[in-house]
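Take a look at the structure set out below.
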Amino acid sequence: MAEYFFHKLDQLKGQTAFLKVVQDFANDNKKQIYAIASPLTDNKYRYQYNGGYILLVPKRKIAFVRIDGDIEDFNEYVDDVLDDIASLADKYQFKEIIGRRRKWERMIERFENEPQCSNFESLYSGDLVLGHDDFRTLDILISLFIGSINDATKVTTEEPDNILDKVKKKIQLFDTDQSRFIYDELPSEQKVIRIQGLSGTGKTELLLHKLKDLYLQDKGSKICITCHNKVLADSLSKRIPRFFDFMKVEKQIEWNKRLWCNNAWGRAGDENSGAFRYICYYYEIPFLSLREAGSFKRACEIATKKILAKREAEEEFSYAFTFMFVDESQDFDSSFFKLCELVTEKRVYIAGDIFQSIFDSQVDANIKSDYLLSRCYRTDPKTLMFAQGLGMGLFEAQKLWWLEEDMWKLCGYNVQVKGNGMIFELSREPIRRFEDVSSDFDSLKIFKTSKIVGTILTLVAKLKEEFPNILPSDIGIIYIDNDDYVYESAPKLGAAFQKSFGWEYNLAHESKIDAPETVFISNRNNVKGLEFPFVFCITKSIVRDYSYRNTIYTMLSRSFLRSYLIVEQTENDGLTEEIIEGAKNIMQEKSMTIMVPSTEEKLKIRHEFSIASRQKSLRDRVEDIMKANSIPLSRFESLLSMVSLLGGNQKSDSTLAEFIINTNKAMNE
Numbered sequence: 001m002a003e004y005f006f007h008k009l010d011q012l013k014g015q016t017a018f019l020k021v022v023q024d025f026a027n028d029n030k031k032q033i034y035a036i037a038s039p040l041t042d043n044k045y046r047y048q049y050n051g052g053y054i055l056l057v058p059k060r061k062i063a064f065v066r067i068d069g070d071i072e073d074f075n076e077y078v079d080d081v082l083d084d085i086a087s088l089a090d091k092y093q094f095k096e097i098i099g100r101r102r103k104w105e106r107m108i109e110r111f112e113n114e115p116q117c118s119n120f121e122s123l124y125s126g127d128l129v130l131g132h133d134d135f136r137t138l139d140i141l142i143s144l145f146i147g148s149i150n151d152a153t154k155v156t157t158e159e160p161d162n163i164l165d166k167v168k169k170k171i172q173l174f175d176t177d178q179s180r181f182i183y184d185e186l187p188s189e190q191k192v193i194r195i196q197g198l199s200g201t202g203k204t205e206l207l208l209h210k211l212k213d214l215y216l217q218d219k220g221s222k223i224c225i226t227c228h229n230k231v232l233a234d235s236l237s238k239r240i241p242r243f244f245d246f247m248k249v250e251k252q253i254e255w256n257k258r259l260w261c262n263n264a265w266g267r268a269g270d271e272n273s274g275a276f277r278y279i280c281y282y283y284e285i286p287f288l289s290l291r292e293a294g295s296f297k298r299a300c301e302i303a304t305k306k307i308l309a310k311r312e313a314e315e316e317f318s319y320a321f322t323f324m325f326v327d328e329s330q331d332f333d334s335s336f337f338k339l340c341e342l343v344t345e346k347r348v349y350i351a352g353d354i355f356q357s358i359f360d361s362q363v364d365a366n367i368k369s370d371y372l373l374s375r376c377y378r379t380d381p382k383t384l385m386f387a388q389g390l391g392m393g394l395f396e397a398q399k400l401w402w403l404e405e406d407m408w409k410l411c412g413y414n415v416q417v418k419g420n421g422m423i424f425e426l427s428r429e430p431i432r433r434f435e436d437v438s439s440d441f442d443s444l445k446i447f448k449t450s451k452i453v454g455t456i457l458t459l460v461a462k463l464k465e466e467f468p469n470i471l472p473s474d475i476g477i478i479y480i481d482n483d484d485y486v487y488e489s490a491p492k493l494g495a496a497f498q499k500s501f502g503w504e505y506n507l508a509h510e511s512k513i514d515a516p517e518t519v520f521i522s523n524r525n526n527v528k529g530l531e532f533p534f535v536f537c538i539t540k541s542i543v544r545d546y547s548y549r550n551t552i553y554t555m556l557s558r559s560f561l562r563s564y565l566i567v568e569q570t571e572n573d574g575l576t577e578e579i580i581e582g583a584k585n586i587m588q589e590k591s592m593t594i595m596v597p598s599t600e601e602k603l604k605i606r607h608e609f610s611i612a613s614r615q616k617s618l619r620d621r622v623e624d625i626m627k628a629n630s631i632p633l634s635r636f637e638s639l640l641s642m643v644s645l646l647g648g649n650q651k652s653d654s655t656l657a658e659f660i661i662n663t664n665k666a667m668n669e
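This is the structure we're talking about:
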């Protein structure tokens, strides 16, 4: 069960009876409430007075509460804290937005004695109530208290007058689970910290906050943040300086001296091109390419053995990094994590998508985490439900995967069991980011069409009418398939955008970067970690394949206003009436009603999944090799055909890789 109450009260001897009432109120009413002794931002504020605390509740006055101690000391404590918040507002450029302290001090309430235990609900609806015009100023103040700093250039105290800006410019506050990850003090002996959450729960943002804190506090540290995907690594490398800038980090980033940000593997010619490449360079061990190792797993296992041998032979073992951060951990297996732990001195932070981990795992019990984030702040709950339902085949008679009640709850669902246990009604809690959006807003649209480019242009023209302030960068277009048509269609679609709207476009599967002020167009391999107000997912056919369904879930959940599913209209397009009806029901009911499979059906689901997970398709093997060696995926079908003629399924990974690499070289000549 998600917790809605967070406290960091080191100076107090546990929770008071009143705070227990507050905690129960928060959880019962699903209201985020924070109780802290001092501002958490910058981790430096300490006060001599230790007889009180600060209660932070969105849309309610900030309450300073005295438990004991001299009243004069309590009032000095309040004044000192407010002075520090005013200083933080100035530092993070919010002073011009919210004004000086005298402008917002009316939003502060002082309680010289802690209220009686039964009083919180009356306080919540009485003395602490603020007017609607004060809500955004209050959110800014709370963000300064808890360190959830927003970009001041994108924030105003005035409520935006359109849905797009309301969602884009929503003031984001850490929820209680996110706050625990940032501020919990963990045992020093716990070297690996795992954080799991759905796509869009803020995992990457939290990693950046933790990275920033460690970079500043541990001044001699060497930190590496890595992921599997090159486009995500590029996006992160650009995002870190922007993040440091608006967090007002005064220390300059020492790239490739104190901080590395790259994808996991790298290339032979540049020791800073990948985490694995740098590790090989640091320990003076051979760097293995995919052709030489056969797989990344094998490369990590060989490197681990060589480094362990060095550690046993040397009196003093030197660590490549002080801290490591691994994003999108579901793209790796344990061999990489073991290598990271071996070469990291203090702590490894591993963040991944719990839904993808569950979908890729044969045994639910293997899903482990120290922090579980179940609230998705990127995607409208209705879209997220459909994306996960489609991913798991829940709308079809024969489901691809199934979760039991406890696992649905771990994924952030409310579960109502009906029909003698044979029906699950699944729903998700509303999210603050979407509280200004009508619950009837169409966050998902599905189209069958024989003219994909024309349909998308028509839909974008309608978007421009619905949202006049839309920008090219608000749109992400993702091809779910890996067929040749993608590499013919994508440039034509980009050119059509340029001609129809005067918008530039970025073919990310070619550029491998996230280019600003352009329409993003890509295949499915270059989208992780990115998000857009509007996402178009294009596919020729919805197929019953585990990898494909996992992909379509992750791509549909890249939007934070609306996702479009565009399916080419054919006899075998796979877009069944059951799927369409499932989407309609979710949009209307804001919930997903699913028949629970019988015991026999569950066994069959697991059996079929087990077989599929053991037998990686030739298509996936070829695709993995091409991605690892930066071979253009426009050649995918040609190379696959050649490999098939050679009996590729009978070849080892290393033999297959060697053939594909050499064939690609020949095609370049």
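Numbering (the numbering used here) for the sequence shown: 1 to 669. Cβ coordinates follow ideal geometry from the N, Cα and C atoms, glycine included.
Residue burial classification, residue i (beta-carbon count within 10 angstroms, cutoff 16)
i: THR176; result: buried
i: THR518; result: buried
i: GLU158; result: exposed
i: HIS509; result: buried
i: ARG242; result: exposed
i: SER179; result: buried
i: GLN32; result: buried
i: PRO533; result: buried
i: ILE71; result: exposed
i: VAL460; result: buried
i: ARG347; result: buried
i: LEU603; result: exposed
i: ARG100; result: exposed
i: ASN150; result: buried
i: GLN362; result: Low confidence applies to GLN362: its pLDDT is 41, below 50, so where it sits in the model is not reliable enough to give any reading.
i: LEU186; result: exposed
i: PRO472; result: buried
Nonlocal neighbours in the same chain, by C-beta distance under 6 Å from residue i, ignoring five residues either side
i: GLU404; result: none
i: ASN27; result: TYR4
i: PHE74; result: GLY52, ARG66
i: ALA320; result: ILE279, TYR282, VAL343
i: MET592; result: MET385, GLY389, LEU426, ILE586
i: LYS20; result: none
Neighbourhood of residue i by C-beta, 8 Å cutoff - its chain only, sequence neighbours within 5 removed
i: THR240; result: According to the sequence provided, residue 240 is Ile. The question's Thr does not apply to it. Here the set comprises LEU208, LEU211, ILE225, ILE253, LEU259, CYS261.
i: LEU507; result: ALA490, PRO491, GLY494, ILE521, SER522
i: GLU328; result: CYS227, HIS228, ASN229, LEU232, ALA351, GLY352, ASP353, LYS528, GLY529
i: LEU308; result: LEU342
i: LEU639; result: VAL622, MET626, ILE631, ILE660, THR663, ASN664
i: ALA365; result: Its pLDDT being 39, under 50, ALA365 is placed unreliably in this model, and the value from its coordinates should be taken loosely. So the list is empty, once near-sequence residues are dropped.
Beta-carbon contacts of residue i that lie in its chain and below 7 Å, excluding the five residues immediately before and after
i: ASN263; result: THR226, CYS227, HIS228, ASN229, LYS230, ALA233, GLY274
i: SER148; result: GLN172, LEU173, PHE174
i: PHE244; result: LYS212, ILE253
i: ALA89; result: LYS95, ILE98, LEU144
Distance CB(residue i)-CB(residue j) smaller than 9 Å
i: GLY582; j: CYS376; result: no
i: LYS170; j: ASP353; result: no
i: GLU531; j: ARG558; result: yes
i: SER335; j: ARG378; result: no
i: GLU677; j: ASN526; result: As displayed, the chain neither begins before 1 nor continues past 669, which places residue 677 out of reach and without an answer.
i: GLY412; j: GLU425; result: no
i: LEU373; j: ILE108; result: no
i: VAL437; j: ASP380; result: yes
i: TYR479; j: THR539; result: yes
i: PHE276; j: ALA303; result: yes
i: ILE446; j: TYR564; result: yes
Nearest-angstrom beta carbon gap, residue j and residue i [assumed within contact, 8 Å]
i: VAL167; j: ARG562; result: With a Cβ gap of about 10 Å, VAL167 and ARG562 do not count as contacting.
i: LEU575; j: LYS399; result: Their Cβ separation, rounded to whole angstroms, is 17 Å, which puts LEU575 and LYS399 out of contact at 8 Å.
i: GLN388; j: PHE355; result: 6 Å
i: ARG619; j: MET667; result: Rounded, the Cβ-Cβ distance is 19 Å, inconsistent with contact.
i: LEU164; j: ILE470; result: 7 Å
i: TRP408; j: VAL415; result: 5 Å
i: ASP481; j: LYS238; result: The pair is not a contact, with the Cβ atoms about 28 Å apart (cut-off 8 Å).
i: LYS251; j: LEU216; result: 6 Å
Whole runs of the alpha helix (DSSP H) within the region 7-50, excluding any shorter than 4 residues: 17-29
Within the region 378-418, ranges of the beta strand (DSSP E) (whole runs, at least 3 residues): 413-418
Segments assigned alpha helix (DSSP H), at least 4 residues, entirely inside the region 225-308: Listed in chain order, they are 230-246, 275-283, 290-293.
Ordered list of alpha helix (DSSP H) runs contained in the region 560-595, each at least 4 residues: Segments of the alpha helix (DSSP H) lying fully in the region 560-595: 577-589.
Whole beta strand (DSSP E) elements within the region 52-107, 3-residue minimum: 52-56, 62-66
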